[in-house]
Amino acid sequence: MPTATTKALSLLVLLFFVSLVHATDPCLINSIYQFGDSIADTGNLIRNGPIGASTPSPKPLPQRKHHATVFFSNGVNFAVAGSTALNSSFFTSRNLHVPATNTPLSTQLSWFKSHLRSTCHNPSCLKQSLVMMGEIGGNDYNYGFFQGKSTEEIRSYIPHVVGAIAAAAREVIRAGAVNVVVPGNFPVGCFPIYLTSFPVNDPKAYDDKGCLIRLNEFAMDHNNQLQEAISSLQKEFPGVVIVYGDYYNAFQYVLSGSVGFDKSVALKSCCGIGGGYNYDGKRQCGAVGVPVCQNPDKFISWDGVHLTQKAYRFMSKFLNYKILPQIKCGGA
Ligand SMILES: *[C@@H]1O[C@H](CO)[C@@H](O)[C@H](O)[C@H]1NC(C)=O
Numbered sequence: 000m001p002t003a004t005t006k007a008l009s010l011l012v013l014l015f016f017v018s019l020v021h022a023t024d025p026c027l028i029n030s031i032y033q034f035g036d037s038i039a040d041t042g043n044l045i046r047n048g049p050i051g052a053s054t055p056s057p058k059p060l061p062q063r064k065h066h067a068t069v070f071f072s073n074g075v076n077f078a079v080a081g082s083t084a085l086n087s088s089f090f091t092s093r094n095l096h097v098p099a100t101n102t103p104l105s106t107q108l109s110w111f112k113s114h115l116r117s118t119c120h121n122p123s124c125l126k127q128s129l130v131m132m133g134e135i136g137g138n139d140y141n142y143g144f145f146q147g148k149s150t151e152e153i154r155s156y157i158p159h160v161v162g163a164i165a166a167a168a169r170e171v172i173r174a175g176a177v178n179v180v181v182p183g184n185f186p187v188g189c190f191p192i193y194l195t196s197f198p199v200n201d202p203k204a205y206d207d208k209g210c211l212i213r214l215n216e217f218a219m220d221h222n223n224q225l226q227e228a229i230s231s232l233q234k235e236f237p238g239v240v241i242v243y244g245d246y247y248n249a250f251q252y253v254l255s256g257s258v259g260f261d262k263s264v265a266l267k268s269c270c271g272i273g274g275g276y277n278y279d280g281k282r283q284c285g286a287v288g289v290p291v292c293q294n295p296d297k298f299i300s301w302d303g304v305h306l307t308q309k310a311y312r313f314m315s316k317f318l319n320y321k322i323l324p325q326i327k328c329g330g331a
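With numbering that gives the first Met the number 0, the residue at position 217 of the sequence shown is 216, and numbering never jumps.
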């Protein structure tokens, strides 16, 4: 039974732990290499422009620090909206259409390697870097779900998607990365786009928060397989920190109500119009006449697909608490 004494003791242990962490700090992570899709893209899709005519060398965005004179000194963001973990050929061979702008992990990796070739001339370049291998993979399933494939068929993609993410993590480790975070998928059954697109009459199809159980289970399936792949990878590279980024539970923490979002709009998008979730696939955020809510800080979902900055802030609090203590600092 927790008494005042044991509580005081555990607080002490916690404080000791915190000071230990600080004793081995200062954490000298000085650059971030980000792979992924629209969850992390801050402009690459637009910068790359329409593929086809003349886009010989897309230039991924540097992680800028103030007005850094040296580009890329704080890492590079390779994430491109709409990207998949798997190559486009995986989808076309299954009669799925993927946009020509798709920039799969294999392409982002080749950008990463060519970036290293031109900037890094000794094996310890990545010792103070953090690699974010995702979130990626969500779109691999989206293309299936939104083009009418059955859940069972889409479930068969999971080992392929997870394999591609693990392979990409292995490649960045072979290139010298020592800190790799591999994020999982969100509980997409709580997202306005899915709630609107795949409604079910049976109330039992929804959980106590109003999310679609089947889709959340699907995301968990992906996440479980991803975590298994991460532990094999960890055995393969015992000297490298490979951390699972638990976006699923970070989102659930935000949705749980403990951080103060209003339940009445928890599953509605801020920017959007119509339906029970303020989302309409034919009139999305950004289209003419689609309004933005008064106060985005009150909402979890920004546009039905991506979250508000406030929601991300709470998610990162949850994630940092778990991830940061595991990160190796200064290449020790
Ligand atoms: C994906 O495409 C790249 C470039 O065409 C190729 O090098 C790679 O082997 C492919 N990966 C898979 C898993 O097919």
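The beta carbon of each residue, even a glycine, is placed where N, CA and C say it ideally should be.
Fill in: Minimum Cβ-Cβ distance from Leu95 to chain C less than 7 Å
In the structure shown, chain C does not exist; there is a single protein chain.
Discussion item. Helix, strand or coil for Cys270? Go by DSSP, reduced to three states.
Written reply: Along the sequence shown, read from residue 1 onward, the residue named residue 270 stands at position 271. Reduced to three states, the DSSP call for Cys270 is strand.
Fill in: Residues of its chain near Gln283, where Cβ-Cβ distance is below 8 Å and the 5 sequence neighbours each way are ignored
Translated into the one-based positions of the sequence shown, residue 283 becomes position 284. Only Gly271, Val289, Asp302, Gly303 meet the Cβ criterion.
Item to complete: Leaving out five residues on either side along the sequence, give the residues of the same chain with a beta carbon under 7 Å from the beta carbon of Lys281.
Response: As a working note, residue 281 is residue 282 in the sequence shown. The answer is none, since no qualifying residue turns up.
Discussion item. What I want to know is whether the C-beta of Gly105 ends up closer than 6 Å to one or more non-hydrogen atoms of ligand 1.
Written reply: As a working note, residue 105 is residue 106 in the sequence shown. The sequence given here has Ser at residue 105, not Gly. Yes, Cβ of Ser105 sits closer than 6 Å to a heavy atom of ligand 1.
Worksheet item: Who are Gln33's beta bridge partners in DSSP?
Response: Residue mapping note: residue 33 aligns to position 34 of the sequence shown, counting from 1. Answer is Asn76, Met131, bridged to Gln33.
Worksheet item: Can the beta-carbon of Pro103 be found less than 7 Å from the beta-carbon of Gly133?
Response: Numbered from its first residue, the sequence shown carries residue 103 at position 104. Numbered from its first residue, the sequence shown carries residue 133 at position 134. Contact flag unset, no.
Discussion item. Beta-carbon within less than 7 Å of Cys269's beta-carbon, same chain only, minus the 5 sequence neighbours each way: which residues are those?
Written reply: As a working note, residue 269 is residue 270 in the sequence shown. Once the five neighbours on either side are set aside, the close Cβ partners of Cys269 are Val291, Cys292, Pro295, Phe298, Ser300, Trp301, Thr307.
Worksheet item: How many Å lie between Ala310 and Leu115 at the Cα?
Response: The residue labelled residue 310 in the question sits at position 311 within the sequence shown. The residue labelled residue 115 in the question sits at position 116 within the sequence shown. Near 33 Å, if we compare the C-alpha coordinates of Leu115 and Ala310.
Worksheet item: For the putative contact between Arg169 and Leu232, defined by C-beta atoms under 8 Å, what is the C-beta separation to the nearest angstrom?
Response: Residue numbering aside, residue 169 sits at position 170 when the sequence shown is read from its first letter. Residue numbering aside, residue 232 sits at position 233 when the sequence shown is read from its first letter. 6 Å between Cβ atoms; contact.
Worksheet item: Which residue comes first and which comes last in the beta strand (DSSP E) that contains Tyr278?
Response: As a working note, residue 278 is residue 279 in the sequence shown. Note, Tyr278: premise wrong, no beta strand (DSSP E); not H, not E.
Worksheet item: If you draw a straight line from the alpha carbon of Ala67 to that of His159, how long is it in whole angstroms?
Response: The residue given as residue 67 occupies position 68 in the sequence shown. The residue given as residue 159 occupies position 160 in the sequence shown. Caution is warranted here: a pLDDT of 39 is assigned to Ala67, below 50, making its placement in the model unreliable, and no coordinate value can be reported.
Item to complete: Determine, using beta carbons only, whether Ser87 and Val97 come nearer to each other than 7 Å.
Response: Position 88 of the sequence shown holds residue 87. Position 98 of the sequence shown holds residue 97. Yes, Cβ-Cβ distance for Ser87 and Val97 is below 7 Å.
Worksheet item: Out of Asn121, Asn178, Thr118, Phe250, which has the shortest C-alpha to C-alpha gap to Leu318?
Response: In the sequence shown, the residue the question calls residue 318 occupies position 319. Minimum Cα distance to Leu318 is reached at Phe250.
Practice prompt. Closer than 7 Å by C-beta to Lys316: which residues in its own chain qualify, once you throw out the five before and the five after it? Chain order, please.
Written response: Along the sequence shown, read from residue 1 onward, the residue named residue 316 stands at position 317. So no residue of the chain qualifies.
Worksheet item: Does the segment 71 to 86 come close enough to the segment 27 to 34 that 3 or more CB-CB pairs lie under 8 Å?
Response: yes
Worksheet item: Can you tell me the Cα-Cα spacing of Ala78 and Leu194, whole angstroms?
Response: Along the sequence shown, one-based indexing puts residue 78 at 79. Along the sequence shown, one-based indexing puts residue 194 at 195. If I take the Cα positions, the gap works out to 26 Å.
Worksheet entry | Validate contact between the segment 190 to 208 and the segment 256 to 268 using beta carbons, cut 8 Å, 3 pairs | yes
Discussion item. Looking at the strands, I want to know which residues DSSP matches up with Ile241.
Written reply: By one-based count along the sequence shown, residue 241 stands at place 242. Ile241 is bridged to Val179.
Practice prompt. Alpha carbon to alpha carbon, how far is Ile326 from Ser18? Give it in angstroms, no decimals.
Written response: Taking the first residue of the sequence shown as position 1, residue 18 is located at position 19. Taking the first residue of the sequence shown as position 1, residue 326 is located at position 327. Confidence at Ser18 is low in this model, with a pLDDT of 39, below 50, so the placement of that residue should be treated as unreliable; the coordinate-derived value is given next. Each residue's alpha carbon lies about 16 Å from the other.
Discussion item. Assuming Ala176 and Ser128 are in contact, meaning their beta carbons sit under 8 Å apart, how far apart are those beta carbons, in whole angstroms?
Written reply: Start at 1 with the first residue of the sequence shown, and residue 176 comes out as number 177. Start at 1 with the first residue of the sequence shown, and residue 128 comes out as number 129. Their Cβ separation, rounded to whole angstroms, is 6 Å, which keeps Ala176 and Ser128 in contact under 8 Å.
Worksheet entry | Close-in-space but distant-in-sequence residues of the same chain around Ser124 (CB under 8 Å, 5 per side omitted) | Mapped onto the sequence shown, residue 124 falls at position 125. The amino acid occupying residue 124 in the given sequence is Cys; Ser does not appear at that position. Cβ within range, chain order: Leu115, Thr118, Gly175.
Practice prompt. Kindly examine ligand 1 and report whether one of its heavy atoms sits closer than 6 Å to the Cβ of Asn101.
Written response: Along the sequence shown, read from residue 1 onward, the residue named residue 101 stands at position 102. Answer for Asn101: no, Cβ out of range of ligand 1.
Fill in: Exposed unless 16 or more other CB atoms sit within 10 angstroms - verdict on Tyr140
Within the sequence shown, residue 140 is the residue found at index 141, counting from 1. With 16 or more other Cβ atoms within 10 Å, it is buried.
Worksheet item: How about the segment 223 to 239 and the segment 197 to 204: do they share at least three Cβ pairs that are nearer than 8 Å?
Response: no
Worksheet entry | Span of the alpha helix (DSSP H), counted from its first residue to its last, around Tyr140 | What you label residue 140 is simply residue 141 of the sequence shown in a count that begins at 1. Its alpha helix (DSSP H) spans residues 137 to 144.
Discussion item. If I follow the unbroken alpha helix (DSSP H) through Ile322, where does it start and stop?
Written reply: As a position in the sequence shown, residue 322 is number 323, starting the count at 1. Counting along the chain, the alpha helix (DSSP H) containing Ile322 begins and ends at 308 to 322.
Practice prompt. State yes or no: is the C-beta of Asn86 nearer than 6 Å to some heavy atom of ligand 1?
Written response: Along the sequence shown, read from residue 1 onward, the residue named residue 86 stands at position 87. At least one heavy atom of ligand 1 is nearer than 6 Å to the Cβ of Asn86, so yes.
Item to complete: Go through its chain and collect everything with a Cβ distance to Leu108's Cβ below 6 Å, but skip five positions before and after it.
Response: The residue labelled residue 108 in the question sits at position 109 within the sequence shown. Within the same chain, Leu108 has close Cβ partners Ala167, Glu170.
Worksheet item: Based on the DSSP output, what are the partners of Tyr205 in its beta bridges?
Response: Translated into positions along the sequence shown, residue 205 becomes position 206. In the DSSP output, where bridge partners are listed per residue, Tyr205 has Leu211.
Item to complete: Classify Ser82 as helix, strand or coil using the three-state DSSP reduction.
Response: Within the sequence shown, the letter at position 83 stands for residue 82. DSSP places Ser82 in coil when its eight states are reduced to three.
Item to complete: Counting only the same chain and skipping the five closest in sequence on each side, list residues whose C-beta sits under 6 Å from that of Gln146.
Response: The count along the sequence shown starts at 1 and reaches residue 146 at position 147. Leu95, listed in sequence order.
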